[in-house]
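Only one structure is covered here, and it is reproduced in the block below.
Protein chains: 2
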Amino acid sequence: MRIAVVAPSSRFSEEAAERVTAIAARTQPGVEVHFHPQCFLTHNHFAGTDAARADALVEAANDPGFDAIWFARGGYGSCRIAEAALARLGPAARDKKWLGYSDAGFLLAGLYRAGFARIAHGPMPQDAMREGGEAAIVRALAWLVAGSPTSLEPGLEPGRRHAAFNITVLGMLLGTSLEPDLSDHVLLLEEVSEHMYAVDRALFHIAASPAIQRVAGIRLGRVSDVKPNDPDFGESDEMVARHWCERYAIPYLGRADIGHDSVNKVVPFGAFGAL
Amino acid sequence: MRIAVVAPSSRFSEEAAERVTAIAARTQPGVEVHFHPQCFLTHNHFAGTDAARADALVEAANDPGFDAIWFARGGYGSCRIAEAALARLGPAARDKKWLGYSDAGFLLAGLYRAGFARIAHGPMPQDAMREGGEAAIVRALAWLVAGSPTSLEPGLEPGRRHAAFNITVLGMLLGTSLEPDLSDHVLLLEEVSEHMYAVDRALFHIAASPAIQRVAGIRLGRVSDVKPNDPDFGESDEMVARHWCERYAIPYLGRADIGHDSVNKVVPFGAFGAL
């Protein structure tokens with residue numbers, strides 16, 4: 001099995017690549033994790049120019065020699081290339097597995113909208129740099145290589161469709177040509193490094209959107225590294241999520257085991273067990 | 276003339292109210308600026324509970340003894356009450372002038388969508404606390420009292436319709452029941468206290484929205500107090516705005532004299548000169 005890593009968002013680090021390569025050699029012998037040279041480019045905030053990032057993604061995705069595309073990291077930048085890059089994908093791209101989260105959600109969304117069947121929200125190579133990050137890499141590889149059930153978010157339900165997103169990323173793609181139809185899906189949401197008032201505002205936007213009101217329900221992942229609020233916001237992440245779900249008659253289905261951390265589990269998009 | 280001040284968002288200060296009262300007494304004798312007692316409530320992040328903020332807004336708006344509603348300040352909170360409060364407004368509310376900006380944009384949007392004809396984006400009482408803030412209060416009162424042309428954003432064009440919003444606020448109301456039809460409007464946008472990558476992302480969302488692609492064009496107000504980006508984002512506010520306008524074939528019409536500052540000018544919604 002050959003996995004191609006591309007970096008559609010922020011700058012990636014050689015050190016993370018080395019760690020991932022070592023973990024893969026130890027835990028998945030016979031699997032090649034190929035870091036596209038674009039991963040190590042830098043242009044301002046990004047892992048290379050918009051053109052370089054889009055070209056690398058399209059090249060790897062359309063190469064039948066790769067079995068999976070793994071997004072290197074989040075940060076910011078994939079919305080700048082998503083529409084144009086996805087329009088250039090051919091049949092070999094559709095056969096692959098795709099894995100990422102955070103800013104990569106713009107691409108996951110567009111791929112899912114385009115009918116790609118083998119995409120999932122889960123750990124990325126940069127997670128190797130986290131405390132306890134090796135477990136995240138092992139978990140991601142186990143899903144990429146063998147669809148391991150132990151990698152999956154434990155609350156996924158047979159017979160239901162699922163999707164997972166960062167709250168801000170989902171909000172920023174609603175109404176655009178990247179927005180997938182999430183009707184009847186259980187929607188798992190997580191957030192990191194935002195003020196709680198911004199989380200509240202983003203959940204208003206999401207819950208007040210008619211397309212989201214057609215989901216089967218919302219489960220709340222971790223909302224971590226919340227920035228200080230002065231005065232204190234006075235409501236927890238779960239109070240905020242429950243509030244908006246109740247306000248717009250969306251079933252609130254409890255917590256989810258996803259987030260910007262090393263224990264982030266894998267959530268395949270679509271029907272449970274389809275991959 | 277009687278102007279009612281209500282605070283649908285963050286906590287307001289007695290000191291700002293005293294300053295505004297003094298400025299009004301000096302520059303607009305005969306005008307009463309009435310600060311609804313709700314302005315001075317506090318509940319967590321907000322100027323009172325959701326119910327208290329909504330009730331005060333509805334009470335003042337439906338009181339025929341007031342000629343105008345002036346939002347006390349921004350911050351955060353109006354999206355939590357906008358839909359429910361606007362549904363309770365009667366004919367006396369429709370006759371009034373309405374003025375505010377920033378977080379109050381959620382309310383301006385919903386009012387404009389509901390066909391209210393006398394609303395504008397412009398300075399609020401809390402601006403009295405800014406350096407040079409007296410000029411902002413004088414400008415706002417001159418528009419509220421007499422529709423003074425000297426208060427207006429200088430680039431507004433006769434024969435065109437206009438609207439103005441904070442970038443984040445507009446993004447967070449797209450697709451909700453607060454979103455007005457901005458077709459053929461010149462859309463003025465401003466931002467404060469965000470990272471440039473977040474401005475870029477929000478402008479993707481706005482420009483990639485089909486409803487916004489029907490505007491006559493976008494003018495960019497000030498993007499101030501930009502939070503540090505590491506690495507540097509490498510593109511200016513105007514580069515970012517031009518990029519997304521070009522990408523989605525929206526005419527970019529240059530800068531606008533609005534922003535989170537004391538020189539923020541008034542932008543009446545709708546046709547120029549209609550008020």
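The listed protein sequences correspond, in order, to chains S and E. Counted from 1, the first sequence has number 150 at position 150 by my numbering; the numbering is strictly sequential. Counted from 1, the second sequence has number 477 at position 202 by my numbering; the numbering is strictly sequential. Here a beta-carbon is modelled for each residue, glycine too, at the ideal position from N, C-alpha and C.
- Query: How should Asp402(E) be labelled, buried or exposed, when 16 other C-beta atoms within 10 angstroms of its C-beta is the threshold for buried?
  - Reply: A buried status is given to Asp402(E), since no fewer than 16 other beta-carbon atoms sit within 10 Å of its beta-carbon.
- With Arg435(E) and Phe310(E) assumed to form a contact (beta carbons below 8 Å), what rounded beta-carbon distance in angstroms separates them? Contact between Arg435(E) and Phe310(E) is absent: CB atoms are separated by about 35 Å, not below the 8 Å threshold.
- Starting from Thr27(S), find everything on chain E with Cβ-Cβ shorter than 8 Å and list it in chain order. For the C-beta of Thr27(S), not a single chain E residue is nearer than 8 Å; the gap to the nearest is close to 33 Å.
- Item | Expected contact under 8 Å - CB spacing of Met447(E) and Ala202(S) to nearest Å | Here Met447(E) really is in contact with Ala202(S); their C-beta atoms are around 7 Å apart, less than 8 Å.
- Query: Based on the DSSP output, what are the partners of Pro543(E) in its beta bridges?
  - Reply: In the DSSP assignment, the residues bridged to Pro543(E) are Ala395(E).
- Query: Using DSSP with H/G/I as helix, E/B as strand and the rest coil, what is Leu448(E)?
  - Reply: Three-state DSSP puts Leu448(E) in a helix.
- Message: If I follow the unbroken beta strand (DSSP E) through Ala439(E), where does it start and stop?
- Response: Per DSSP, the continuous beta strand (DSSP E) segment holding Ala439(E) begins and ends at Arg436 to Asn441.
- Task: At 4 residues or longer, and completely inside the region 467 to 515 of chain E: list those alpha helix (DSSP H) runs for me, N to C.
- Result: Assignment of alpha helix (DSSP H) within the region 467 to 515 of chain E, counting only whole runs of 4 or more residues, yields 471 to 482 in chain order.
- Message: What are the residues in the region 484 to 504 of chain E lying within 7 Å of chain S by C-beta distance?
- Response: Residues Ser484 and Asn504.
- Can you name the residues that DSSP bridges to Ala68(S)? Ile3(S) and Lys97(S).
- Message: Using a Cβ-Cβ distance cut-off of 8 Å, determine whether Asn166(S) contacts chain E.
- Response: At a cut-off of 8 Å between C-beta atoms, Asn166(S) does not count as an interface residue with respect to chain E.
- Contact check, Leu89(S) vs Gly100(S) under 8 Å by CB: the rounded distance? No, Leu89(S) and Gly100(S) are not in contact; Cβ-Cβ is about 15 Å, not under 8 Å.
- Item | Backbone secondary structure at Glu179(S) - three-state DSSP | Coil.
- Buried or exposed (CB count within 10 angstroms, at least 16 for buried), Ser468(E): Ser468(E) comes out exposed.
- Going by DSSP, which residues form a beta bridge with Ser13(S)? Paired residues: none, contrary to the question.
- Task: Note down the Cα distance separating Gly155(S) from Pro526(E), rounded to an integer number of angstroms.
- Result: Their backbone Cα atoms lie some 47 Å apart in a straight line.
- Item | His185(S) to Glu157(S) span [Cα, whole Å] | Approximately 11 Å, taken between the alpha carbons.
- Measure from the alpha carbon of Gln313(E) to the alpha carbon of each residue in Ser285(E), Glu428(E) and Pro503(E), then state which is nearest. Of Ser285(E), Glu428(E) and Pro503(E), the residue nearest in Cα terms is Ser285(E).
- Message: Quick check on the burial criterion: 16 or more other C-beta atoms within 10 angstroms. Buried or exposed for Pro304(E)?
- Response: Of the other Cβ atoms in all chains shown, fewer than 16 fall within 10 Å of the Cβ of Pro304(E); this residue is therefore exposed.
- Contact set between the region 508 to 521 of chain E and chain S, restricted to residues whose Cβ is under 9 Å from the partner: In summary, the residues of the region 508 to 521 of chain E whose CB is separated from some CB of chain S by less than 9 Å are Phe508, Gly509, Glu510 and His518, in the order they occur in the chain.
- Query: Using Cβ-Cβ distances below 8 Å, what residues of the region 366 to 392 of chain E are close to chain S?
  - Reply: Per Cβ criterion, the list is empty.
- Query: Cβ of Phe12(S) less than 8 Å from any chain E Cβ?
  - Reply: Closer than 8 Å: no.
- Does any C-beta atom of chain S lie closer than 8 Å to the C-beta of Ser468(E)? Ser468(E) does not count as touching chain S.
- Item | Chain-order list of residues whose beta-carbon lies under 6 Å from that of Ile487(E) (same chain, five-residue window excluded) | Excluding positions up to five away in sequence, the list reads Ile481.
- Message: Is the separation between the beta-carbon of Gly65(S) and that of Leu449(E) shorter than 8 Å?
- Response: No. Outside cutoff.
- Message: Would Ala92(S) and Asn62(S) be called neighbours here (beta carbons separated by less than 8 Å)?
- Response: Result yes, Cβ atoms of Ala92(S) and Asn62(S) sit closer than 8 Å.
- Message: Please state the DSSP three-state secondary structure of His460(E).
- Response: It is a strand residue.
- Under 7 Å from the C-beta of Gly450(E): neighbouring residues of chain S: Residues of chain S passing the Cβ test: Leu174, Gly175 and Ser209.
- Query: What distance in whole Å lies between the Cβ atoms of Ala52(S) and Leu41(S), which are believed to be in contact at a cut-off of 8 Å?
  - Reply: The pair is a contact, with the Cβ atoms about 6 Å apart (cut-off 8 Å).
- For the candidate residues Ser78(S), Tyr248(S), Ala208(S) and Asn264(S), whose alpha-carbon lies nearest to that of Thr49(S)? For the residues Ser78(S), Tyr248(S), Ala208(S) and Asn264(S), the minimum Cα distance to Thr49(S) belongs to Ser78(S).
- Message: If the cut-off is 9 Å on Cβ atoms, which residues from the region 65 to 80 of chain S count as contacting chain E, listed in chain order?
- Response: From the region 65 to 80 of chain S, only Gly75, Tyr76, Gly77, Cys79 and Arg80 have a Cβ closer than 9 Å to chain E.
- Query: Ala24(S): which of Ser102(S), Glu134(S) and Glu14(S) sits nearest, CA to CA?
  - Reply: For Ala24(S), the nearest C-alpha among the options comes from Glu134(S).
- Would Ala87(S) be called buried (16 or more neighbouring beta carbons within 10 Å of its own) or exposed? Ala87(S) should be labelled exposed.
- Pairwise C-alpha distance: Arg497(E) and Trp418(E): When rounded, the separation of the alpha-carbon atoms in Trp418(E) and Arg497(E) is 21 Å.
- Query: Using the rule of at least 16 other Cβ atoms within 10 Å of the residue's Cβ for burial, across every protein chain shown, is Arg26(S) buried or exposed?
  - Reply: With fewer than 16 other Cβ atoms from the protein chains shown falling within 10 Å of its own Cβ, Arg26(S) counts as exposed.
- Query: So Phe35(S) is in the beta strand (DSSP E); what residue range does that whole segment cover?
  - Reply: It spans Glu32 to Phe35 - the beta strand (DSSP E) in which Phe35(S) sits, taken as one unbroken run.
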